[in-house]
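The next block holds one structure in the form of structure tokens; read it before the comments.
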Amino acid sequence: MLALVARRLMTAIPTLLAIILASFFLMRLAPGGPFDGERPLPPETQAALQTAYGLDKPLWEQAWIYISRLVQGDFGPSLVYRDFTVSELVAQGLPISLTLGGLAIVLALVIGISAGLSAAVRAGKAADKTIMMLATVATALPTFVTGPALALLFGLWLGLLPVSGTGDGWSWLIMPVVALALPVSGAIAKLTRAGLATVLKQDHIRTARARGLPETKILFKHGLRPALVPVASYLGPAAAGLLTGAVVVETVFGLPGLGRYFVQGALNRDYPLVLGVVTLYAALIILFNLFADLIYGWLDPRMRDG
Amino acid sequence: MSLYEIRDMAIQIDGQPLVEGVNISVEAGKCTAIIGASGSGKSLSCLTPFGLTPGEAAGSIKLDGIDLLKANAHQKLKARSHLTGFVFQQPLTALTPHLTIGAQLKEAAAQAGPSALSRHELAQKLERVGLSRADERLDQFPHRLSGGERQRVMIAAAIAHQPKLLVADEPTSALDASLRGEIMTLLDELREEQGLAMLLVSHDLASVENHADHLIVMEEGRVVESGATVDLITRPQDDYTKRLMAATPRLDEPAPDLPATGHSLVESKDVSVIFPKPGWRHGKIKAVVDASLAVRKGEALAVVGGSGSGKSTLGRAIAGIGPLTSGVISWQGEHLPGRRDRDLAMRALIQPVFQDPVASLDPQWKVRDIIAEPLQNLRPDINRPNREVMVLQALCDVGLGEEYLDRTPASLSGGQAQRVAIARAIIAGPELLVLDEATSALDPLVGSSILQLLAELQRSKEISLILITHDIASARRICHRIAVLDEGHIVEMGEMESVIGNPQAAATQKLVAAS
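If you're matching them up, the sequences are chains A and B in order.
Numbered continuously in the numbering used here, the first sequence closes out at residue 306.
Numbered continuously in the numbering used here, the second sequence closes out at residue 1515.
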């Protein structure tokens, strides 16, 4: 297992580097720059700013400078939030985004696996069909629809939960987390249902049944773990979806997470800020994929031997 | 009174009657075997009384005094978990992949009530079924064990709670010939030792006849004949039993009359096939090492060995459909290049037939297109009307009629599908067929009719054959010579009769003894 982790971390470095370089050059292809405000600055001020931030150097050199600073842990200064470095902005936003994403994935797993399980044991019956239909609806609804709908219902009409911002306590987290978790939980429910349908037909389930084990024990001890293998492989992409989905949810619920900086950074051509967030997202997604692989090996020991 | 007694049992699934009028009785310490082709209802008859199939049973089923059909749910569960142990066909899939051998054995031992077996006692149970390094195995997952080892674990788990009845559903048919004998002998020993009653299900008469006291022959959901094994084997009454006996190849049957052979056709010299180990592990797997053999015109060569011996890899290298690391394959003295570099004429010379006929036919295609495909690629000079004539001729050569042209593979039986696969192989006029376990997925009656078809093709078309198999007795029915492979090496090669009569290599002796 240690070998797998080491191997994955080794391949993570070139992957990250490729992502950073691609975003670096793609971003520069977009027209406009960080200092194009509504009232244009005088050309000499523009030039001075460009020189100050090193934007007048050739692109390759800029990329090289950026990466060599990054290696030392320096994400550079923000070009728009003038008094902050990217690291400071990230340090403000990251805890909120991580809390949102982490809680959402836990909630999605709990809802998805229990829904898939209850559908699978009632295969073909009305309950199974209802659960699967709801799962399809949950997967299909985008967060920019469910988010405002939830805010309208629980925030404005019922007045139960805060509509915007981070208030006291935990109640402000409920709606964003639910909005974020819903589509993922639908997909997990479908994967669990399909996985169990396959596994419950397999020979080792018959062996367990021949031993006279109670059905619940057959389900949880012999059936569930191999059935969750497809769910584990979905966790990596799901994590990516949660991080990018968070951009929408944070905007809808007015939360000062990473997503907001990401969107505003992109609109303002705040190159170091966007690159910093992209790098972080990429690293997180790579990490999640590694976790997924480790879970994979735990679910099915055959995977450990490659 | 017998320990397990079934009287006049009928079984239906969703209202459809599948089994009728079945009588089975098994006595303590004895073995009763049910023999029949796939679909004869033999497994259904064995497993349905215990609720392990979707079927519903009627009649009278008594196990150790409990009437299984009248018993309440609790008594039924008890009959299954306390009194009975089960061994299934597929050792690859019958064990739970994510639980260690020790955990599964512990669970099996506890099925008849709480038991606190120590690690040492669990290890002893594995030793009893012939597993070495038993203590180490307790912590292993099933996929680390070979097929034979896994079946031993299954047996240890099936008897761990000391049942009175052992139900074994095709316990050896997924194993190769030399392992079959070992597993059957183990079951015999355990039966004697613990006074177990054993109900055995098999499609292969040869592998059970020396182990069962009582035989029941089933065909299409009915018992056609039953009686003491000795009587039934020596004086079969029913026509189906007689045909089944005739279809089961035996080494003591008279040597077949084989057609004469001609000049040397294909020759392999020092052929080696080496694979890198899977994943990131270092090292190499030597699947075939320096294999040299020759096949003459009209000759059939049996390439025999256990699973993993490299026989299929060698066959694929010769047929030009698998990798070749080093060595030379030549056709009438002319060098045949590796798989990517053979031209159409070379490909037309050698055609393969595979083990699983249904899997080797494209389910979306009609029989006429399946058979015509090699012609389209290998003989682009033949026009469409001529192609259709040839397809019909090939279908006729394998004993199928015009009515099969528009059928799809799913509507064919295993035997019919294998005939279509053979028609596809012979249509472009090959001189050599490479048959990889072409009969081992089929029932004995069907398998023997395929062997007969091959013998006819051998005579009428002077086709040479390379028959890759683990079953010496069936190979002997059509093969002139035999090459025995063991761990990638050809350990013995010669005339079929002399090798079987006086086997030299240990691997050959094992295979002959197992037949």
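Just so it is clear, CB atoms sit at the ideal spot from N, CA and C, and this is done for glycine as well.
As the structure is a computational prediction, the values presented were derived from the model and not from experiment.
Proximity of residue i and residue j at Cβ, strictly below 8 angstroms
i: B:P1503; j: B:I1463; result: no
i: B:D1270; j: B:C1031; result: no
i: B:E1209; j: B:T1229; result: yes
i: B:T1096; j: A:H204; result: yes
i: B:P1357; j: B:Q1452; result: no
i: B:R1022; j: B:L1003; result: In the sequence as presented, Arg is not what sits at residue 1022 of chain B; that position holds Val. No, the pair does not count as a contact, with Cβ atoms beyond the cut-off.
i: A:G257; j: A:S23; result: no
i: A:R225; j: B:H1143; result: no
i: A:K190; j: A:G116; result: yes
i: B:T1248; j: B:V1224; result: no
i: A:L196; j: A:A120; result: yes
i: B:A1317; j: B:V1273; result: yes
i: A:N289; j: A:V80; result: no
i: B:G1029; j: B:R1191; result: yes
i: B:S1292; j: B:Q1355; result: no
i: B:Q1124; j: B:G1055; result: no
i: B:I1382; j: B:L1392; result: no
i: B:A1037; j: B:Q1089; result: no
i: B:R1476; j: B:L1336; result: no
i: B:L1400; j: B:L1344; result: no
i: A:V163; j: A:A151; result: yes
Where residue i falls, given that 16 or more other Cβ within 10 Å makes a residue buried
i: A:I13; result: exposed
i: B:T1508; result: buried
i: B:N1386; result: exposed
i: B:D1341; result: exposed
i: B:N1072; result: exposed
i: A:E250; result: buried
i: A:A3; result: exposed
i: A:I286; result: buried
i: A:M10; result: exposed
i: A:G186; result: buried
i: A:R69; result: exposed
i: B:H1120; result: exposed
i: A:L262; result: The residue asked about is misnamed: residue 262 of chain A is Phe in this sequence, not Leu. A:F262 is buried by the Cβ-count criterion.
Closest residue to residue i among the options (Cα-Cα distance)
i: A:I172; options: A:T99, A:V248, A:P77, A:A3; result: First, the amino acid is wrong: residue 172 of chain A is Trp here, not Ile. Out of A:T99, A:V248, A:P77, A:A3, A:T99 has the C-alpha closest to the C-alpha of A:W172.
i: A:A6; options: A:P301, A:W298, A:V278, A:D293; result: A:D293
i: B:V995; options: B:A1108, B:G1113, B:D1014, B:G1322; result: Since the first and last residues shown for chain B are 1001 and 1515, residue 995 of chain B lies out of range.
i: B:I1466; options: B:E1299, B:A1421, B:L1412; result: B:E1299
i: B:V1491; options: B:I1321, B:G1195, B:M1390, B:V1304; result: B:V1304
i: A:A63; options: A:F154, A:I20, A:L182; result: A:I20
i: B:I1216; options: B:L1378, B:L1454, B:V1288, B:I1034; result: B:I1034
i: A:D83; options: A:L273, A:S233, A:W60, A:V277; result: A:L273
i: B:A1206; options: B:G1488, B:A1473, B:A1255; result: B:A1473
i: B:A1348; options: B:L1361, B:D1362, B:Q1364, B:W1331; result: B:W1331
i: A:R206; options: B:G1051, B:H1211, B:P1259; result: B:G1051
i: A:A104; options: A:I67, A:Q46, A:L235; result: A:L235
i: B:I1024; options: B:A1174, B:T1172, B:G1227; result: B:G1227
i: B:L1122; options: B:G1322, B:Q1104, B:D1290; result: B:Q1104
i: B:S1449; options: B:A1246, B:G1102, B:P1352; result: B:A1246
i: B:A1260; options: B:L1324, B:R1459, B:D1471, B:G1501; result: B:R1459
i: B:T1469; options: B:K1277, B:L1200, B:T1084, B:K1311; result: B:K1311
i: B:L1395; options: B:V1367, B:D1362, B:L1445, B:G1414; result: B:V1367
i: B:P1254; options: B:E1005, B:L1092, B:M1496, B:G1338; result: B:M1496
i: A:A238; options: A:A123, A:V106, A:G297, A:R211; result: A:V106
Interface flag, residue i vs chain C, CB-CB below 8 angstroms
i: B:F1086; result: In summary, chain C is missing from the structure at hand, where the protein chains are A and B.
### Query
Which whole runs of the alpha helix (DSSP H) in the region 1013-1056 of chain B are 4 residues long or more, in chain order?
1042-1047
### Message
With a threshold of 8 angstroms, are at least 3 pairs of Cβ atoms found where one atom belongs to the region 237-247 of chain A and the other to the region 51-61 of chain A?
### Response
A contact between stretches requires three or more CB pairs, one per stretch, nearer than 8 angstroms, and the region 237-247 of chain A fails this requirement with the region 51-61 of chain A.
### Message
Within 8 angstroms, do at least three Cβ pairs link the region 1164-1184 of chain B to the region 1133-1141 of chain B?
### Response
no
#### Entry: Completely contained alpha helix (DSSP H) runs for the region 1090-1117 of chain B, where each covers 4 or more residues
1101-1109
#### Entry: alpha helix (DSSP H) runs wholly inside the region 1346-1378 of chain B, at least 4 long, in chain order
Assignment of alpha helix (DSSP H) within the region 1346-1378 of chain B, counting only whole runs of 4 or more residues, yields 1367-1378 in chain order.
### Query
Using 8 angstroms as the Cβ pair cut-off and three pairs as the minimum, do the region 216-224 of chain A and the region 1057-1075 of chain B touch?
no
### Task
Kindly provide the ranges of any alpha helix (DSSP H) runs that are 4 or more residues long and lie completely inside the region 212-248 of chain A, ordered along the chain.
224-227
### Task
Decide if the region 1302-1321 of chain B is in contact with the region 1165-1180 of chain B; the criterion is three or more beta carbon pairs, one per stretch, under 8 angstroms apart.
yes
### Task
Would you check if there are 3 or more beta carbon pairs closer than 8 angstroms linking the region 1366-1377 of chain B to the region 1399-1406 of chain B?
yes
### Message
Taking contact to mean 3 or more Cβ pairs, one atom from each stretch, closer than 8 angstroms, check whether the region 1012-1022 of chain B and the region 1037-1051 of chain B are in contact.
### Response
yes
### Message
Pairs of beta-carbons, one from the region 126-135 of chain A and one from the region 157-177 of chain A, closer than 8 angstroms: are there three or more?
### Response
no
### Task
Entirely within the region 76-151 of chain A and at least 4 residues each: give me those alpha helix (DSSP H) ranges in chain order.
86-121, 126-140, 143-150
### Query
Can you list the alpha helix (DSSP H) stretches of 4 or more residues lying completely in the region 1202-1267 of chain B, in chain order?
1205-1208, 1229-1234, 1239-1247
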